[in-house]
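Let me begin by presenting the structure, written as structure tokens, before commenting on it.
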Amino acid sequence: MKKRLPALLLALSMLTPLPARAAQPETPPVSPWACDAMYEALALGLWEADGTESVLEEITDEQLERIRSIVSDRLALLKAPARAPAPPPAINTTRGGVVNALYRQAAVWDFPEVEADADAVDCLVEMGVLLGRGEARDLALESPCTLQEALVMAQRLVLHLYDRRGAGAQGFLWRAEGNGNTLYLLGTIHVDRDNIYPLSGRLREIIAGADDAIFEVDFGDKEDTQAFLAMQDYPEGEALRDHVSGALFQEAVSVGAALPQPYTMDEAAVDRYKPWAYANLVNSVTLLMGEDSLEDPLAVDIYIYNKAASSGVTVDAVESYVYQGELFDSLSGPYQAGYLSGALSGFRAAQRGDTVSSGVEDISRWVEWWKSGDAASFAAAYGKDEVLRAADELDERLLLRRDPGMIEYADRYLSAEGPRTGILVVGAAHMIGETGVVRGLQALGYTVELAPDGR
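For the sequence shown, the residue numbers in mature numbering (1 follows the signal peptide of the UniProt record, and there is no 0) are -22 to -1, 1 to 433.
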């Protein structure tokens, strides 16, 4: 029997993260010096950037307690031995109070650089967590601490302790070389779940140190994004109910009402969608079920895009959202109906807690391999070559039509006048298999090797 991946796995291994349909709240102002650190804080879940908090105002007791709790959760994943319980630190929203609260939270575990009875200020200065204000590096310990300052210090603390232990997600990473140029090939799984952050220090260095970062689409291209969103709806006079069976439409409406907030929608909203578009939305929500929050997931591709942009790295794209939308829009009517049916079934399975039938269990396994850099296990489980032999409509569009364009882009980059260093960030399924980017470049004579240590 030929291999066929569940709809959820197909979309999330090969399709760029979907743009938000609803208007998004404006990100509150952030100081220019703090932009990169605030992206890290966002990825770590320390901050939601939902427009409800002013990061330049003094931190509140509640905000500090939330940050301490999340720092605790992140550090617990390092599995360091626990120390004997100590009295909780007094909450104090001065800069010195925040420093003490963060340090005492880290001191719960037996990290050698975080001694239980050491001076918090001296230690965090030595660790590079507390740098001081302005050119004078004034520690200003008695001054009120802003939410932004607390978030910057919290993410520095987490990243320092992870980096010292060589921890953090490694990713499916290859290094290609040619004509004096280096192109890192990062195959991603377009998700934000199962504690995928932080990325390893080496991977973050590669992103920040690149001359160019290339993605499937330009996430900052608003015109492309809006055109893609418009493609998802039927034109005036047409509706979903006209293109699928009555039973399938009623199940689509029922699932729309059952979707968790903020994705819940009524019958009229569901009826506007084309089958493929509604299926992709349901698949995306299904993937997030079981996570602490369903709002504002930060897929790895978008995280890296933000990191690159904030570091002054030149950003480019191989494709566009509109091109990807056209691949789905050209699917036959019967196939779109079947794709939608599979997505609805996957959501119902996730509702029942059936992570196997929904595909969520497979995605979680893929994420664990991604974090450890185990591309071989992912490739074996995915079985791309076997999948393609099934001659499926969607597989043909999402893989066979797109892999060559990615290989061509990488070839142009490596053969151009150098030296330059870039990172190509595309779905992991495009990197593997006989038609993938890695073998495609090797066939063109380039040296391409796994770089599990990020070097």
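Quick reminder that beta carbons are idealized off the backbone N, C-alpha and C, glycines included.
Straight-line gap, residue i to residue j (C-alpha atoms, nearest Å)
| i | j | result |
| --- | --- | --- |
| Cys101 | Arg417 | 48 Å |
| His138 | Gly146 | 11 Å |
| Leu119 | Glu40 | 20 Å |
| Ala1 | Ala247 | Note on Ala1: pLDDT 48, under 50, position unreliable in the model; no value is reported. |
| Ile401 | Ile185 | 7 Å |
| Arg182 | Pro66 | 33 Å |
| Val233 | Ala328 | 12 Å |
| Lys362 | Gln302 | 20 Å |
| Val99 | Ala208 | 53 Å |
| Arg326 | Asp332 | 9 Å |
| Arg44 | Gly158 | 48 Å |
| Thr71 | Pro312 | 60 Å |
| Val346 | His168 | The identity of residue 346 in the sequence shown is Glu, whereas the question assumes Val. When rounded, the distance between both Cα atoms is 13 Å. |
| Ala225 | Arg219 | 10 Å |
| Leu161 | Glu412 | 20 Å |
| Asp95 | Asn78 | 11 Å |
| Leu53 | Val136 | 7 Å |
| Pro(-17) | Phe356 | Confidence is the limiting factor: at Pro(-17) the pLDDT is only 48, short of 50, which leaves the residue's position unreliable, though a coordinate-based value still follows. In a straight line, the C-alpha of Pro(-17) is about 16 Å away from that of Phe356. |
| Asp202 | Val300 | 6 Å |
| Glu113 | Pro238 | 47 Å |
| Glu229 | Arg73 | 54 Å |
| Val103 | Pro176 | 22 Å |
| Ile385 | Ile37 | 48 Å |
Burial state of residue i (16 or more Cβ within 10 Å)
| i | result |
| --- | --- |
| Glu148 | According to the sequence as given, residue 148 is Gln; it is not Glu. So Gln148 counts as buried. |
| Ser223 | exposed |
| Arg115 | exposed |
| Ala68 | exposed |
| Lys200 | exposed |
| Glu297 | buried |
| Arg380 | buried |
| Thr166 | buried |
| Leu55 | exposed |
| Ala429 | buried |
| Gly290 | exposed |
| Ser178 | buried |
| Gly414 | buried |
| Ala421 | exposed |
| Thr124 | buried |
| Gln133 | buried |
| Gly75 | buried |
| Glu91 | exposed |
| Arg46 | buried |
| Asp244 | exposed |
| Glu364 | exposed |
| residue 455 | Residue 455 cannot be examined here, being either before or after the span of the chain that is shown, -22 to 433. |
| Gly198 | exposed |
| Ala255 | buried |
| Glu127 | buried |
| Gly337 | buried |
Residue i versus the options, residue with shortest Cα-Cα distance
| i | options | result |
| --- | --- | --- |
| Ala358 | Ala406, Leu376, Leu322 and Gly337 | Ala406 |
| residue 452 | Tyr283, Leu117, Leu80 and Arg142 | With the chain covering -22 to 433 only, the question about residue 452 has no answer from this structure. |
| Ala286 | Asn78, Asn173, Phe193 and Tyr424 | Phe193 |
| Asp340 | Val107, Asp172, Leu55 and Val404 | Asp172 |
| Met409 | Leu377, Gly110, Thr425 and Leu226 | Leu377 |
| Asp18 | Asn284, Arg111, Met384 and Lys252 | For the sequence presented, residue 18 should be read as Glu rather than Asp. For the residues Asn284, Arg111, Met384 and Lys252, the minimum Cα distance to Glu18 belongs to Asn284. |
| Gly215 | Val99, Leu226, Arg250 and Ala54 | Arg250 |
| Val49 | Arg326, Trp87 and Phe227 | Trp87 |
| Asp190 | Thr399, Asn70, Gly351 and Tyr281 | Thr399 |
| Met105 | Gly112, Glu113 and Phe89 | Phe89 |
| Arg375 | Tyr387, Arg46, Ser308 and Gly361 | Ser308 |
| Pro63 | Ala84, Val77 and Ile280 | Ala84 |
| Asp170 | Gly383, Thr71 and Ser342 | Ser342 |
| Gly351 | Glu127, Ala94, Val103 and Leu164 | Leu164 |
Counterpart residues of residue i in DSSP-defined beta bridges
| i | result |
| --- | --- |
| Phe193 | Ala295 and Val403 |
| Thr166 | Gly405 |
| Asp211 | Tyr251 |
| Glu155 | Thr160 and Thr425 |
| Asp95 | According to DSSP, which records beta bridges pairwise, Asp95 is partnered with nothing at all. |
| Arg143 | According to DSSP, which records beta bridges pairwise, Arg143 is partnered with nothing at all. |
| Trp87 | Ala60 |
| Thr72 | Pro122 |
| Asp116 | Arg111 |
| Leu177 | Ala147 |
| Glu36 | Thr124 |
Any C-beta of chain C under 8 Å from that of residue i
| i | result |
| --- | --- |
| Asp190 | Of the protein chains in this structure there is only one, and it is not chain C. |
Residue i Cβ short of 7 Å to the ligand NAP heavy atom set
| i | result |
| --- | --- |
| Gln210 | The ligand NAP is absent from the structure shown, which contains no ligand whatsoever. |
Original post:
How do the stretch 152 to 171 and the stretch 386 to 400 stand: do at least 3 beta-carbon pairs fall below 8 Å, yes or no?
Top reply: yes
Original post:
Is it a yes or a no for the stretch 316 to 336 touching the stretch 250 to 266, going by three-plus beta-carbon pairs under 8 Å?
Top reply: Contact holds between the stretch 316 to 336 and the stretch 250 to 266, because three or more Cβ pairs, one in each stretch, are under 8 Å apart.
Subject >> the stretch 365 to 373 contacting the stretch 307 to 318, beta-carbon criterion three pairs below 8 Å >> reply: Cβ pair count under 8 Å is three or more, so yes.
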